[in-house]
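Residue numbering for the sequence shown follows the numbering used here, starting at 362 and increasing by one per position. In this text, a Cβ means the ideal position worked out from N, Cα and C, and glycines have one as well.
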Amino acid sequence: MHIFLAALAHETNSFSPIPTTLRAFEEGILYRPRAGGAGRDEALGFPGYGYLLGVADEHGDRVTCGLCAWAQPGGPVARAVHESLRDELLGQLAAAGPVDAVFLVLHGAMIARGCDDCEGELLERVRALVGPGVAVGALLDLHATLTPRMLASGAVLVACKEYPHTDYLARTRELHAILARVADGRCRPDTLMRRVPMLGVFGTGEAPVRALVDEAQRLEAVPGILSISLIHGFPWSDTVHTGAAVLVVYMADAQANPEAAARAGEIAATLARGFFALRTHGGHAALPVEDAIDACMAAAGTGLVVLADSADNPGGGAACDSTFVLHALLERGVRDAALGMIWDPLAVQLAIDAGVGATLPLRIGGKVGLASGPPVDVLASVTAVRHDARQHGLAGEFTEALGDAVAIRADGIDIVLNTRRQQVFSPECFTELGIDLQTRRLVVVKSTRHFRARFDAIAAGTIICDAPGALNGDLARLPYARLARPIWPLDPIEEGEGGHA
Ligand SMILES: [Zn+2]
């Protein structure tokens, strides 16, 4: 089949102090096939986009590549940027000629100035362009905000099932297979959703969330059911549709599959009840900074302990330059610790100018706003400099750009500073700068959960702390204005009330 492929993805944090501009996409991924090869490697490394090219190749499909655009999570996308990227994608689709399928890699929680449902709007316009007969599919992040407008487009929606998001290749195959069946007339899909009125962050690796994810996958074998996604939602998105949901794609051809719609409805209701029952597991077990450091100290001697500075994770839109944990470590005289990465282009430049081996007074972090805390002044020894530093991302490729990165040592703490806001996925953020984590008692990472895919194997323990920040886990304190209420945990919803459609 002839597939049009494009990606336009942003996880928008309504409370982030970081404006999302065209530069944010240029620093992230911005591949424009007609403008030459710039950004092509990054696009190929972007889960979904790169995977689809491989899967299509296996099936002998022809792919017309459109835009691949991704920016590090931050605040709402500037209106003109959103509109120009959207229109560029639609123009490429129009220029692609007749296609059998449209495969879009989206996030699902993109908000722009003037549009709080960017995916719904895009899918609606794509449908208007290709007409009702063409297979349209969108690959989503499970931290999506599912909206009626997205469903009304008739697009087949498939989200990743795992958090950490380690299953994009499997989901790409899943969506491709459904689109292939639609394209050759073997099935006519429809999608239904059931809203689960709760906000939370749910790792899928452990019980009891694991069991629900497994159950949802088992139910995909029910006749007439094509795909089931548990949408966790993105709690830092302030829209009327924010929250969790269950999404079921089923065969809507009533003659061939007379029971499918009813079964899909039952499955959605059952899973929505089961998901809502897990609501108390969605509040992450984060400790205040001092308590978290106490817990790390108590674990001394057992091996490397990972302390996740979850609230300042740029992967959810936080500034990535907060200093609360660093302040506390210095104040308490904790040594043999490593901490990364603090986004501070100015401090990086000063350290590079001073050079490896130099010692200089350096003011670090605390620049973006109040939630970043005050800057920290240290006497820093520059121990390593790397231009265009990289780490392995979740997809396994060594493509996550960190910009220029430096390692400095101050009072027994190795600190990595860099010029691109990027969460820590991999120990390479440290080891590529000569920091041997196995000789440290503690490593602080600015990440919420994705780090676990690569740190669990080397860590004796993991502790999450909740400092101030745009990704602070105390949801009851966030200044929401647009959420549909009631919603857990802001409102006291009783058992049995969950899962309203
Ligand atoms: Zn996500």
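**Asked** Among all residues, which have a Cβ less than 7 Å from at least one non-hydrogen atom of ligand 1, and in what chain order do they fall?
**Response** E372, D502, L503, H504, Y524, H526
**Prompt:** For A499, is the classification buried or exposed, using 16 other Cβ atoms within 10 angstroms of its Cβ as the cut-off for buried?
**Reply:** That one is buried.
**Item:** Classification of Q783 by the beta-carbon crowding that lies within 10 angstroms, buried from 16 upward
**Value:** buried
**Message:** Nearest by alpha-carbon distance to F407: which of G421, I776, A432 is it?
**Reply:** When each option's Cα is compared against that of F407, the closest is A432.
**Same chain, Cβ closer than 6 Å to T508, five either side skipped, listed in chain order** = D478, G481, H602
**Asked** Closest by CA to E403, which one among V743, R846, L763?
**Response** L763
**Asked** In angstroms, rounded to a whole number, what distance separates the CA positions of T780 and N833?
**Response** 23 Å
**Request:** Please name the residue or residues paired with M612 in a DSSP beta bridge.
**Result:** P550
**Asked** Can you name, in chain order, every residue of its own chain whose Cβ lies under 6 Å from the Cβ of Y410, other than the five neighbours on each side?
**Response** A368, A404, C429, V466
**Asked** What distance in whole Å lies between the Cβ atoms of P459 and E372, which are believed to be in contact at a cut-off of 8 Å?
**Response** The Cβ separation is near 33 Å, so there is no contact.
**Asked** Taking 8 Å as the cut-off, is the CB of L413 close to at least one heavy atom of ligand 2?
**Response** Ligand 2 is not among the ligands present in this structure, which contains only ligand 1.
**Boundaries of the beta strand (DSSP E) in which F636 is found, first to last residue** = Not the beta strand (DSSP E): F636 falls in the alpha helix (DSSP H), residues 621-637.
**Request:** Under 8 Å Cβ to Cβ from L414, same chain only, skipping five residues before and after it: list those, please.
**Result:** L366, L405, V424, C426, listed in sequence order.
**Request:** Specify, as a first and last residue, the run of the alpha helix (DSSP H) that S445 falls within.
**Result:** 440-456
**Request:** Classify Y410 as helix, strand or coil using the three-state DSSP reduction.
**Result:** helix
**Asked** Does the distance from the C-beta atom of T870 to that of L608 stay below 9 Å?
**Response** Beyond the ends of the chain as shown, which are 362 and 862, falls residue 870; an answer cannot be given.
**Request:** For the beta strand (DSSP E) containing Y529, list its first residue and its last residue.
**Result:** Looking at the DSSP string, Y529 is not in any beta strand (DSSP E); the run it does join, the alpha helix (DSSP H), is 529-544.
**Message:** Using a Cβ-Cβ cutoff of less than 8 Å, which residues in the same chain neighbour R447 once the five nearest sequence positions on both sides are dropped?
**Reply:** Spatial neighbours of R447 in its own chain (CB-CB distance under 8 Å, excluding positions within 5 residues in sequence) are listed in chain order as L369, C479, E482, L483, R486.
**Asked** Grouping DSSP H, G and I as helix and E and B as strand, with all else coil, what is R356?
**Response** Here the chain has residues from 362 to 862 only, and residue 356 is not among them.
**Asked** What are the partner residues of R556, as DSSP defines its beta bridges?
**Response** A606
**Prompt:** Leaving out the 5 sequence neighbours to the left and right, which residues in its chain are closer than 8 Å to E576 when beta-carbon positions are compared?
**Reply:** Taken in chain order, the residues that qualify are L632, G635.
**Request:** Could you spell out where the alpha helix (DSSP H) holding G481 opens and where it closes?
**Result:** 479-491
**Prompt:** Apart from the five residues on each side of it in sequence, which residues of its chain come closer than 6 Å, Cβ to Cβ, to D614?
**Reply:** R549
**Asked** Going by DSSP, what residues sit across from W597 in a beta bridge?
**Response** None, per the DSSP bridge assignment.
**Message:** I want to know whether the region 813-829 touches the region 658-668 - three or more CB-CB distances under 8 Å.
**Reply:** yes
**Item:** Closest by C-alpha distance to P840, when choosing among V805, H363, S377, M362
**Value:** S377
**Request:** Can you check DSSP and say which residues form a bridge with A698?
**Result:** I774, L803
**Request:** Express the C-alpha separation of L591 and H861 in angstroms, rounding to a whole number.
**Result:** The predicted model places H861 with a pLDDT of 47, which falls under 50 and marks its position as unreliable, so this point remains unresolved.
**Request:** Compare the Cα-Cα distances from R843 to each of P525, M511, R751, G604 and report the closest residue.
**Result:** G604
**Cβ-based neighbour list, D418, same chain, cut-off 6 Å, excluding 5 preceding and 5 following** = none
**Asked** R579 lies in the alpha helix (DSSP H); which residues open and close that run?
**Response** 570-580
**Request:** Taking only the alpha-carbon atoms, compute the straight-line gap between D786 and V495 and give it to the nearest angstrom.
**Result:** Note that residue 786 is Phe in the sequence shown here, rather than Asp. F786 and V495: Cα-Cα distance of roughly 38 Å.
**Asked** Taking just the CA atoms, how far does L391 sit from E449?
**Response** Each residue's CA atom was taken as its position, placing E449 and L391 some 12 Å apart.
**Message:** Quick check: the Cα distance between A538 and H363, rounded to an integer number of angstroms?
**Reply:** 14 Å
**Request:** Please report how far the alpha carbon of T823 lies from the alpha carbon of L540, in whole angstroms.
**Result:** 41 Å
**Message:** Suppose contacts are defined by Cβ-Cβ distances below 9 Å. Is A837 in contact with C790 by that definition?
**Reply:** no
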